[in-house]
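J.: The following block contains the structure, expressed as structure tokens.
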Amino acid sequence: MDPVTLLTVVVLAVFVGFEVVSKVTSKLHTPLMSGANAIHGIILIGAIIVAGQTSDPWLLTVAIIAVVLATANMVGGFVVTDRMLEMFRGRKPAKADTPAGAGTGEVAK
Amino acid sequence: MSVLTPEWTALLYLVSAVCFILALKGLSSPRHARRGNLIGSAGALLAVITVFLSVKLDNIPLILAAIVVGSAIAVPIARKVQMTQMPQLVGGFNGVGGGAAALVAVLELGHNVDVWVRIAIVFTMLVGAISFSGSAITVLKLQELMTTRPVLFPGLRWVMSIAVLASLASAVLVVVTGSWIWAVLLLILGLGVGVLLVLPVGGADVPIVISLLNAFTGIAVAASGIVLENVLLLVAGTLVGASGTILTMAMAKAMGRGVTGILFGAFKGGSTAGSTTVSDRPVRSSSAEDVAVQLGYAQNVVIVPGYGLAVAQGQHTIAELATALEDRGVHVVFGIHPVAGRMPGHMNVLLAEANVPYEALKELDEVNPEFKSTDVVLVVGANDVVNPAAKSTPGSPIYGMPILEVGDANQIVFLKRSMRPGFAGIENELLYDPKTELLFGDAKESLSQVLAAVKAL
Numbered sequence: 006m007d008p009v010t011l012l013t014v015v016v017l018a019v020f021v022g023f024e025v026v027s028k029v030t031s032k033l034h035t036p037l038m039s040g041a042n043a044i045h046g047i048i049l050i051g052a053i054i055v056a057g058q059t060s061d062p063w064l065l066t067v068a069i070i071a072v073v074l075a076t077a078n079m080v081g082g083f084v085v086t087d088r089m090l091e092m093f094r095g096r097k098p099a100k101a102d103t104p105a106g107a108g109t110g111e112v113a114k
Numbered sequence: 013m014s015v016l017t018p019e020w021t022a023l024l025y026l027v028s029a030v031c032f033i034l035a036l037k038g039l040s041s042p043r044h045a046r047r048g049n050l051i052g053s054a055g056a057l058l059a060v061i062t063v064f065l066s067v068k069l070d071n072i073p074l075i076l077a078a079i080v081v082g083s084a085i086a087v088p089i090a091r092k093v094q095m096t097q098m099p100q101l102v103g104g105f106n107g108v109g110g111g112a113a114a115l116v117a118v119l120e121l122g123h124n125v126d127v128w129v130r131i132a133i134v135f136t137m138l139v140g141a142i143s144f145s146g147s148a149i150t151v152l153k154l155q156e157l158m159t160t161r162p163v164l165f166p167g168l169r170w171v172m173s174i175a176v177l178a179s180l181a182s183a184v185l186v187v188v189t190g191s192w193i194w195a196v197l198l199l200i201l202g203l204g205v206g207v208l209l210v211l212p213v214g215g216a217d218v219p220i221v222i223s224l225l226n227a228f229t230g231i232a233v234a235a236s237g238i239v240l241e242n243v244l245l246l247v248a249g250t251l252v253g254a255s256g257t258i259l260t261m262a263m264a265k266a267m268g269r270g271v272t273g274i275l276f277g278a279f280k281g282g283s284t285a286g287s288t289t290v291s292d293r294p295v296r297s298s299s300a301e302d303v304a305v306q307l308g309y310a311q312n313v314v315i316v317p318g319y320g321l322a323v324a325q326g327q328h329t330i331a332e333l334a335t336a337l338e339d340r341g342v343h344v345v346f347g348i349h350p351v352a353g354r355m356p357g358h359m360n361v362l363l364a365e366a367n368v369p370y371e372a373l374k375e376l377d378e379v380n381p382e383f384k385s386t387d388v389v390l391v392v393g394a395n396d397v398v399n400p401a402a403k404s405t406p407g408s409p410i411y412g413m414p415i416l417e418v419g420d421a422n423q424i425v426f427l428k429r430s431m432r433p434g435f436a437g438i439e440n441e442l443l444y445d446p447k448t449e450l451l452f453g454d455a456k457e458s459l460s461q462v463l464a465a466v467k468a469l
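Going down the list, the sequences are from chains A and B.
Mapping of the first sequence onto the numbering used here: position 99 corresponds to residue 104, and the numbering continues sequentially without gaps.
Mapping of the second sequence onto the numbering used here: position 390 corresponds to residue 402, and the numbering continues sequentially without gaps.
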């Protein structure tokens, strides 16, 4: 790939990252950290590529270790982030006088 | 298999990248956050399927088995870990990601002779290795498998400088020669630098280091995208690098410290340990029953939970107390400092786990104007984050740190273990204020007593 294209992609990604993260509420900084953590588990596809293109048993062993580590990073990261976010609930419907299941009717501040 | 054309592959990777951006964007409100995370994981799954369909791969059964093993290790841990242990879990997952990036880069060394690609390779190896070993130390510190105090020894500075110079030298040698021996040496030196970087950091600062290492891993993954000519790795890694950087700076600001101060403060001899001197000025101490009466007959109560609450695991008791007060018609909100708990936003997670609705969790800017109309503020296991010295004493180490201005409230009740100053080691004038009362003891025990007394009212 030509270097200028790569640089363009990097610069745009940096700005998107800054822009998106600066809007994250500080209430959710812990899930943000673990969610971003899960995203860099995408190194898994790199690990799959190197594992699929080597025949040397030693190198293959190293590559397979990388696949295991990257999977743990990605899958574990998404699972634990989901577990945390599941716990963030609005007020119980009974208290907020909204019908059961109508969580969208609430006014979140 | 390579059933997908390069164009389709690129398109599917683009979809994955958009999913990742949406995952981060979802976190702007608690209501859409979970859906965002699901979109992110769908994007990751799509990317993995795409790689199997677009690249000619050998050893597929072995790779699939490794994916199963990795998931089988991570999922039970992710499901069972306690919310108070979240910092070490994030640190651990971050470390293995960094390790994976470093290993991928080493394996690519044999395929590439281009100087620029080799520079990206050594960069990924070094940063990934630092992230791996640094994260390992943070996990050991947070899990209290080693001392949480800064670890210092004479000549640490020199050892560190030599390690950094040696890794740079071997990085250059790897780029020039492409030799495996130097590559292995570079990995070992990288691991050493990671350890030396985190050892001198004190326990309370470790979460900032986790965030920083998270950014490191992101950057390493981005560099591996250059090595493998894979735009998705490049974009996803850069996103994480940028977000990790912002979050690290935001945390440092919320703690009133610079990132370099945290990392290198110990090197300069400045202690991050905090003083333990106890003043003998008089304070008003109170009983659980008195506190219960004040809270039970108030109209507006703000609870300010801090690190001490997380340590005492008192989040469920405090949630019960809030419910008991709400049942009596008292309006209760939680005023949460950005760095309350053991990592930023941690207190929100702990309280959410205890079923406190997120509307009751108020951020610093939201809650500060409310203190003037607050009858009682209940400060549980927090000290520095409410210390007025941050606003009034220019010479103070925490000067400039944003605080919860609880001094504006009518009455203040501190639940404290002892009169020992907080982490920053500074006296809190608020403790000697006439409208302040103190209830000494373990946060969880004190809260249970107050809860029982409120119920008996």
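Cβ coordinates follow ideal geometry from the N, Cα and C atoms, glycine included.
It should be emphasised that the depicted structure is a prediction, and the values quoted were computed from it without experimental measurement.
1) Please state whether DSSP places B:G357 in a helix, a strand or coil.
2) Do A:R94 and B:E371 come within 7 angstroms of each other at the CB atom, strictly closer than that value?
3) For B:Q423, report the span of its beta strand (DSSP E) as first-last.
4) Pull up the distance between the alpha-carbon of B:K384 and that of B:M263, whole angstroms please.
5) Assuming B:N124 and A:L90 make a contact with CB atoms under 8 angstroms, what is their CB distance in whole Å?
6) For the beta strand (DSSP E) that contains B:H44, what are its first and last residues?
7) Output the boundary residues of the beta strand (DSSP E) element that contains B:K374.
8) Tell me, please, whether the CB atom of A:V14 is closer than 7 angstroms to any CB atom in chain B?
9) Tell me B:I315's beta-bridge partners as DSSP assigns them.
10) Note down, in chain order, every chain B residue with its Cβ under 7 angstroms from the Cβ of A:V73.
11) Is DSSP giving B:D144 helix, strand or coil here?
12) Show which residues of chain B have a CB atom less than 7 angstroms away from the CB atom of A:P62.
13) Could you have a look at B:S14 and say whether DSSP puts it in helix, strand or coil?
14) Taking B:T335 as the reference, which of B:A366, B:Q306 and B:I348 has the closest Cα?
15) Going by DSSP, name the residue or residues bridged to A:F83.
16) Just mark A:S60 as buried or exposed, buried being the case when its beta carbon has 16 or more other beta carbons within 10 Å.
17) Residue range of the beta strand (DSSP E) that B:E449 falls in?
18) Please state the DSSP three-state secondary structure of B:S255.
19) Taking the alpha-carbon positions, what's the B:R169 to B:R269 distance?
20) Starting from the C-beta of B:G347, find all residues in its chain whose C-beta is less than 6 angstroms away, skip the five residues before and the five after it, and write them out in chain order.
21) When DSSP labels each residue in this structure, what does B:S298 get in the three-state scheme?
22) Just how far apart, CA to CA, sit B:D454 and B:V323?
23) By the 10 Å Cβ neighbour count, where 16 or more other Cβ atoms means buried, how is B:Y309 classified, buried or exposed?
24) Check whether the region 26 to 39 of chain B touches the region 50 to 58 of chain B, counting contact only when three or more Cβ pairs, one atom from each stretch, lie closer than 8 angstroms.
25) Tell me, to the nearest whole angstrom, how far the beta carbon of B:L209 is from that of B:G146; I am working on the premise that it is less than 8 angstroms.
26) Out of B:L307, B:E338, B:V342 and B:M267, point me to the one whose CA is closest to B:Y319's CA.
27) Taking Cβ-Cβ distances shorter than 8 angstroms, what residues in chain B pair up with A:V84?
28) Rounded to the nearest angstrom, what separates B:T288 and B:S430 at their Cα positions?
29) Is there at least one Cβ from chain B nearer than 7 angstroms to A:V80's Cβ?
30) Counting only C-beta atoms, is A:D7 closer than 7 angstroms to chain B at any point?
31) Given this structure, state the Cα-to-Cα distance separating B:I330 from B:L459, to the nearest angstrom.
32) Would you decide whether B:P42 is buried or exposed? Buried here means 16 or more other CB atoms lie within 10 Å of its CB.
33) Under 7 angstroms between the Cβ atoms of B:L203 and B:A141?
34) What is the DSSP secondary structure of B:V27, reduced to helix, strand or coil?
35) Give me the chain A residues within the contact set of B:P369, using Cβ-Cβ distance strictly less than 8 angstroms, ordered along the chain.
36) List, in order along the chain, the chain A residues whose C-beta lies closer than 8 angstroms to that of B:L152?
T.: On the basis of the coordinates in this document:
1) Residue state for B:G357 is assigned as coil, using DSSP reduced to three classes.
2) No. Outside cutoff.
3) Q423 to K428 is the span of the beta strand (DSSP E), which, as asked, contains B:Q423.
4) A straight-line Cα-Cα distance of about 27 angstroms links B:K384 and B:M263.
5) Actually they are not in contact, since the Cβ atoms of B:N124 and A:L90 sit about 40 angstroms apart, beyond 8 angstroms.
6) Unbroken run through B:H44 is the alpha helix (DSSP H), P42 to S66; no beta strand (DSSP E).
7) It spans L373 to E375 - the beta strand (DSSP E) in which B:K374 sits, taken as one unbroken run.
8) For A:V14, the nearest beta carbon of chain B is closer than 7 angstroms to its own beta carbon.
9) DSSP, once it has assigned bridges, lists B:F346 and B:L390 as partnering B:I315.
10) Those are A78, V81 and G82, listed as they occur along chain B.
11) Note on identity: in this sequence residue 144 of chain B is Phe, with Asp being the wrong assignment. Secondary structure of B:F144 (DSSP, three-state): helix.
12) The contacting residues do not exist; A:P62 stays about 10 angstroms from chain B at best.
13) DSSP places B:S14 in the coil class of the three-state scheme, outside both helix and strand.
14) Comparing Cα-Cα distances from B:T335 to each of B:A366, B:Q306 and B:I348, the minimum goes to B:A366.
15) Its beta-bridge partners do not exist; DSSP assigns none.
16) With a 10 Å radius around the Cβ and a threshold of 16 neighbouring Cβ atoms, A:S60 comes out exposed.
17) B:E449 -> beta strand (DSSP E) spans T448 to F452.
18) In the three-state reduction of the DSSP assignment, B:S255 falls in the helix class, which pools H, G and I.
19) Linking B:R169 to B:R269 through their CA atoms gives a straight-line distance of about 21 angstroms.
20) The answer, listed in chain order, is V314, V316, K374, V379 and L416.
21) If DSSP states are grouped into helix, strand and coil, B:S298 belongs with coil.
22) Note on geometry: alpha-carbon atoms of B:D454 and B:V323 lie some 10 angstroms from one another.
23) Exposed, because fewer than 16 other Cβ atoms sit within 10 Å of the Cβ of B:Y309.
24) The answer is yes - the region 50 to 58 of chain B touches the region 26 to 39 of chain B, with three or more Cβ pairs under 8 angstroms.
25) Taking the Cβ atoms as the reference, B:L209 lies roughly 6 angstroms from B:G146, within the contact range of under 8 angstroms.
26) Its Cα nearest to that of B:Y319, the residue B:M267 stands out among B:L307, B:E338, B:V342 and B:M267.
27) Contact annotation for A:V84 against chain B: A86, V87, A90 and R91 [CB-CB distance below 8 angstroms, chain order].
28) In this prediction, B:T288 has a pLDDT of 45, which is less than 50 and means its spatial position is unreliable; nothing more can be read from the coordinates.
29) Yes, A:V80 lies at the interface with chain B (some Cβ there is under 7 angstroms from its Cβ).
30) With 7 angstroms as the cut-off, A:D7 does not count as an interface residue toward chain B.
31) Each residue's Cα considered, the two are about 7 angstroms apart.
32) B:P42 is buried by the Cβ-count criterion.
33) Cβ distance < 7 angstroms, so B:L203 and B:A141 count as in contact.
34) It is helical.
35) Listed along chain A, the residues sitting closer than 8 angstroms to B:P369 by beta-carbon distance are R94, G95, R96 and K97.
36) Residues of chain A passing the Cβ test: none, with the nearest at roughly 18 angstroms.
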